[in-house]
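Step one of this worksheet: look at the structure below.
Protein chains: 2
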Amino acid sequence: MHAEIIAVGSELLTPDRSDTNSLFLTARLNALGIEVTRKSIVGDNLAAIQDTFRAALERVELVVASGGLGPTEDDLTRDAVAELLGLRLVRNEEIIRAIQARFQSFGRTMAENNVRQAMVPEGATILANPRGTAPGLWIESKQRIVVLLPGPPRELKSMFEAEVEPLLARRAPELRLYHRDLRVAGLPESDLDQRIAPIYKTYSDVETTLLASPGEIEVHFRIWSADSAEANRRLDELERHIALSLGEYIVSTSGESMEQVVGRLLTEHRATIATAESCTAGLVAERLTRVAGSSAYFLGGVVCYSNEMKTAFAGVPAKMIETHGAVSAEVARALAEGIRRRTGAALGIGVTGVAGPGGGTPAKPVGTVHIALSAKGNTVARGLMFPGDRERVRWQASQSALDMVRRHFLGASESRGGAVRAGIGAATKRRSSKV
Amino acid sequence: MHAEIIAVGSELLTPDRSDTNSLFLTARLNALGIEVTRKSIVGDNLAAIQDTFRAALERVELVVASGGLGPTEDDLTRDAVAELLGLRLVRNEEIIRAIQARFQSFGRTMAENNVRQAMVPEGATILANPRGTAPGLWIESKQRIVVLLPGPPRELKSMFEAEVEPLLARRAPELRLYHRDLRVAGLPESDLDQRIAPIYKTYSDVETTLLASPGEIEVHFRIWSADSAEANRRLDELERHIALSLGEYIVSTSGESMEQVVGRLLTEHRATIATAESCTAGLVAERLTRVAGSSAYFLGGVVCYSNEMKTAFAGVPAKMIETHGAVSAEVARALAEGIRRRTGAALGIGVTGVAGPGGGTPAKPVGTVHIALSAKGNTVARGLMFPGDRERVRWQASQSALDMVRRHFLGASESRGGAVRAGIGAATKRRSSKV
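Protein sequence lines, in the order shown, are assigned to chains A and B. Note that the working numbering gives residue 139 to position 139 of the first sequence, counting from 1, and the numbers run on in steps of one. Numbers given in the working numbering equal positions in the second sequence, counted from 1, plus 435.
And the structure:
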C-alpha cells in the first residue's frame, strides 16, 4: 500500500517553518506496512489544494493531509476536498456541541466562525480531537482513502494514534516495517561503514541507514516483512553480528542516549561522579543531569575558565599550569583528580581544550582537547583533536568525556578509545592561551 | 515571479530525514522577490521525478531542485529533466577534468561512475561546485528556468550564493522582500500579541509572524516592495512603534542571541560574571560561553546539585538550606553572593529549582525556580514558575537568568520582570527535596 502526505498552510512556504508532521506520519505509516512515495506542501489556496489532492489520488490509495482545518477563512482543506470528491458539506451538531463544551471549559463562548469546523463531507467519519477544536476527517471515496488531520503536532499525533491507526490497521497489508536502531560513538562514519558494510550487505532484505551527527552515529536497520517472527529473527541475527564487529563502540541498541547509558551504568555500579570543565564550560554537567533522577549520582561540578579558577575550584597547582599550559594532559588529570577529591565522588572528569575560534597555537591548534577520568587509584587521560567550529568542538568533547565514563564501566581499554582521531604528542612547554 | 522547490531523494521519504534546503532556498528566493508557491519531495524514481517537474513547469516560471545529481545509479535528476525537456545529454570534458583534479587533490583517482556527473543537457549552464564533485545546472527551456542543485546543504548553499543568485538577480522582478527580525523575552505569546497587534495591524503592507520557543519569541516583519527606501522607511517606523510598546522586553533587533546580547553588555561595561547553578546544572555557564571570546568576562561557575556542594562550593550556610529549603529565594541569593565573593566577579548568578519530573511538593511544585543576581551592594532574587518538562524548565530558567543580567545593564526595574508567570509566595519552612 502506498501513501502520499500533503501539508497545507502558507506558513509552510516561508523560510521560518517546515513541515515536521510528515516525519511522524511516515514512521507510523511505515510501521503499518504503508510506504510513503511523495510529500507535497501547498499554501492556503483552494485551487492549489485541490490540484495537489487530485494528482495524489490519481497515484496512490491513501492520502494523509495535515492543516487547513481551523475556523478561519484561510482554512480551506475541508472545502477543497469535499468539492473535489463531489461530496456535500453537512453541518454536524455533535461537533458543534463538542466545540461549545470546549469553549465553556475555558469559561468562554464559541465564536461563530467555529461553525466552519462542524461542516462535514457527507459519509465522512469524524475523528475526535481531545486537544483542540478542529475534528479530523476520514473520507472513503472511489477506492481511495483521504485522512484530514489538524496541523498542530500535538493534536495531529494524538488523533493519529487514537483514531487513524486502528482504522488503517484493518486495511493495511500484511507487510509491516520492523526495525533496530543502534547508537555508535567513537568511530568516524567511513571507518564504521567499512567495518559493518561487509556484514549488512549480506542482508539484502534489510535496509541500512547511517545517520551521523557530531560524536555519534545512528545505524538504522529496517526490514519489510509479512512474517513478524522471521523479521525479528533476521534483525536479531544482524544485530548480533554487528555487535561482534563493533564491540564497545556500541552505545545502545535500545534507543538510550549517551547520557542515559552513563546514568544507568553509574546507578548500577552505585557510583557517583563530579566534573571540572574548562572548554566545555558546564556542558558535561548539563548533559549528565538531563536524565531525571541524576541527583542520585551527580554530585556537582565546577566550570573553571580562568587559570585562577582552575586552582581555586579544582586545586590545580598554578605551577603546573605555567609549566604545561592550561590545555594539557597534566591539567586535565589535575582537574579530574581535584574535583574527585573535593567532592568525594567515585569518579571525577576533567576537560580542558581550545574550543576556538581564537586561542589556538601551532602546538595546540583549535580543536585540541584533553580529557581525564579519575577513579580510585587510577587516572586516565586522552588527548584528542576535534574538527569543526566552537559549538562542535565543545559537543564532541562532552561526548568523548561521557564515552570515557561509559567505557570505564565496560572495562574497555582506554587505549583502544576510538574517538581519537589524531593523537596529540606530549604536552609542550609552550603556554597556550586559555579557551 | 513564482517558484516551486523540488527535493529529490528516497531518504527524504523516510522518518529520519527532512528537507531543510528548502528553508534556505525560500529565504534567498524571497529576498530576490520570488515567491515560493509549492514544495514537493519525491524519491529516486525516474517517472516520479519527471511527473513532479512536468506539473511544476506547467504552473510556474522557475523550478529549483536539490538532490539526485551524484554519481550513482540512484541519481536520476539529470536524466529525468533532460528527457522531459527533450534535451540531449552531452559529455562535458571540463567537468571531467574538474572532478579528476578534485580526486587527485585527495590523492585518489576518479571512479568511473563519476562520468555520469559530467553529462550535461545541451545548452545548459554549468554551475561550479567547489565543495563537491556534482556540478549544478541552469537550464532554460520554453520560457522556463530549471535550476538543479546538489543535495548536501553546504554544497547547495555555496553554489546558490555564488552561481545562482547573480543569474536570478538579472531576471528577478523589481519586487523584493525586506524584513526585520526582533527577539523578545519575558512575555507570553498571547500577551505579546495583545500589545503589538494594534500596531502591526495598521501596517497592512507588512506581514507579521510570531515564532514562539520556550523563553523567547521572534517577531518577523516582512514587506514586499519595489521601492527599497520606502520599504525600509516603513519597517523602521514600525520597529520604532513596537520598540516603544515593548521597551526592555526586546532582546535584540539585529539577530543577536540572548547570549550574545549579554556578552556584549558585559564587555561594554567591563564587567565579569560567575555562576552557581543547581537545577540548571551548568546550562547558564554553557550558554554564556557559547560566545567566542567569553573568557574575557566569564570567570567560572559551580554546579552544586547536592546540599553539601552548595555549602562547599558557594558557601551557602547548611543552616539556611535546612531552614528555607534548597529551593528558596534565600538559597538563590546565597548562591549568587557566594560565587561572586569566591571568584571576585562583578556579577554572580544563583539558580535553584525543581526541574522535575520528581522532587516537587505541593508548596514547591515542579517548575518552581528561584534565580538571584548579585552585584556590588545589591542582590535581587525572583521566584518563577515554569511550565513544561525537565528540559523546558531548565531552558526557561537559564533564559530568565540571562535576561536578569541583560536587564541589570538596562537599568530596568527587576520588579517589572516580565518572565514572571506566577509569583511564588515567601519560601515556606517545608524542606523540599533537592532537584
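Just so you know, even glycine gets a beta-carbon here, dropped at the ideal spot from N, CA and C.
{"Asked": "On the DSSP letters alone, give me the boundaries of the beta strand (DSSP E) that B:P601 sits inside.", "Found": "It is not in any beta strand (DSSP E) - B:P601 instead sits in the alpha helix (DSSP H) that spans E600 to R606."}
{"Asked": "Assuming contact is defined by CB atoms lying nearer than 8 Å, are A:R116 and A:P71 in contact in what I supplied?", "Found": "yes"}
{"Asked": "Give the C-beta separation of B:T787 and B:V828 to the nearest angstrom, bearing in mind that I take them to be a contact with Cβ-Cβ under 8 Å.", "Found": "Between B:V828 and B:T787 the Cβ distance is about 12 Å, and since that is not below 8 Å, they are no contact."}
{"Asked": "Less than 8 Å between the beta carbons of A:L89 and A:A82, yes or no?", "Found": "yes"}
{"Asked": "Counting only beta-carbon atoms, is B:V471 nearer than 8 Å to chain A?", "Found": "yes"}
{"Asked": "For the alpha helix (DSSP H) that A:I217 lies in, which residues bound it at each end?", "Found": "No alpha helix (DSSP H) contains A:I217, which is instead part of the beta strand (DSSP E) from E216 to S225."}
{"Asked": "Could you please tell me which residues of the segment 100-132 of chain A, in chain order, have their CB closer than 7 Å to any CB of chain B?", "Found": "none"}
{"Asked": "Less than 8 Å between CB atoms is the rule here; does A:V8 satisfy it with respect to chain B?", "Found": "no"}
{"Asked": "Per DSSP, what kind of secondary structure is B:T778 in: helix, strand or coil?", "Found": "helix"}
{"Asked": "At the level of alpha carbons, what is the spacing between A:L244 and A:L235?", "Found": "14 Å"}
{"Asked": "Listing by chain order, which chain B residues have their CB less than 7 Å from the CB of A:G293?", "Found": "G793"}
{"Asked": "Give the DSSP-derived three-state secondary structure of B:N548 in the structure shown.", "Found": "helix"}
{"Asked": "Please report how far the alpha carbon of B:A647 lies from the alpha carbon of B:T746, in whole angstroms.", "Found": "38 Å"}
{"Asked": "With DSSP run on the structure shown, which of helix, strand or coil describes A:K429?", "Found": "Since pLDDT at A:K429 reaches only 29, below the 50 mark, its modelled position is unreliable, and no value is offered."}
{"Asked": "Taking only beta-carbon atoms, is B:P752 less than 8 Å away from chain A?", "Found": "no"}
{"Asked": "Looking at A:A345 and A:T272, is the spacing between their C-beta atoms short of 8 Å?", "Found": "yes"}
{"Asked": "Please go through the same chain and pick out, in chain order, the residues whose beta-carbon is closer than 8 Å to the beta-carbon of A:W395, but skip the five residues on each side of it.", "Found": "P214, G215 and L283"}
{"Asked": "Say whether the segment 13-27 of chain A touches the segment 39-51 of chain A, bearing in mind that this needs 3 or more beta-carbon pairs closer than 8 Å, one atom from each stretch.", "Found": "yes"}
{"Asked": "Can you list the residues of chain A that B:G478 reaches, using a CB-CB cut of under 7 Å?", "Found": "T37"}
{"Asked": "Residues of chain A with CB under 9 Å from B:R817, in chain order?", "Found": "Chain A residues near B:R817: none, gap ~21 Å exceeds 9 Å."}
{"Asked": "Decide if B:A720 is buried, meaning its Cβ has at least 16 other Cβ atoms within 10 Å, or exposed.", "Found": "buried"}
{"Asked": "Anything in the segment 217-240 of chain A with a Cβ closer than 7 Å to a Cβ of chain B? List those residues in chain order, please.", "Found": "H220"}
{"Asked": "Taking A:M1 as part of the alpha helix (DSSP H), name the residues at either end of that continuous run.", "Found": "That residue, A:M1, is in no alpha helix (DSSP H); it is neither H nor E in DSSP."}
{"Asked": "For B:E575, does the three-state DSSP call read helix, strand or coil?", "Found": "strand"}
{"Asked": "Is the CB of B:L492 under 8 Å away from at least one CB in chain A?", "Found": "no"}
{"Asked": "Once the 5 residues before and after A:T37 are set aside, which same chain residues still bring their CB inside 8 Å of it?", "Found": "H2, A3, E4, R59 and V60"}
{"Asked": "Quick check: the Cα distance between A:R341 and B:E743, rounded to an integer number of angstroms?", "Found": "14 Å"}
{"Asked": "Return helix, strand or coil for B:E642, following the three-state DSSP convention.", "Found": "strand"}
{"Asked": "Apart from the five residues just before and just after B:I531, which ones in its own chain have a Cβ nearer than 6 Å to its Cβ?", "Found": "A553"}
{"Asked": "Whose CA, out of A:A55, A:Y297 and A:T125, lies closest to the CA of A:Q260?", "Found": "A:Y297"}
{"Asked": "I'd like to know whether the C-beta atoms of A:R154 and A:A31 end up nearer to each other than 8 Å.", "Found": "no"}
{"Asked": "Could you name the residues of chain A that B:A569 contacts, counting a contact when the two beta carbons are closer than 9 Å?", "Found": "None at all; the shortest Cβ gap to chain A is about 19 Å."}
{"Asked": "In chain A, which residues lie with their C-beta within 7 Å of the C-beta of B:N465?", "Found": "P15"}
{"Asked": "Give a yes or no on whether the C-beta atoms belonging to A:A401 and A:I339 are separated by under 8 Å.", "Found": "no"}
{"Asked": "Could you spell out where the beta strand (DSSP E) holding B:H614 opens and where it closes?", "Found": "R611 to V619"}
{"Asked": "Helix, strand or coil for A:P317? Go by DSSP, reduced to three states.", "Found": "coil"}
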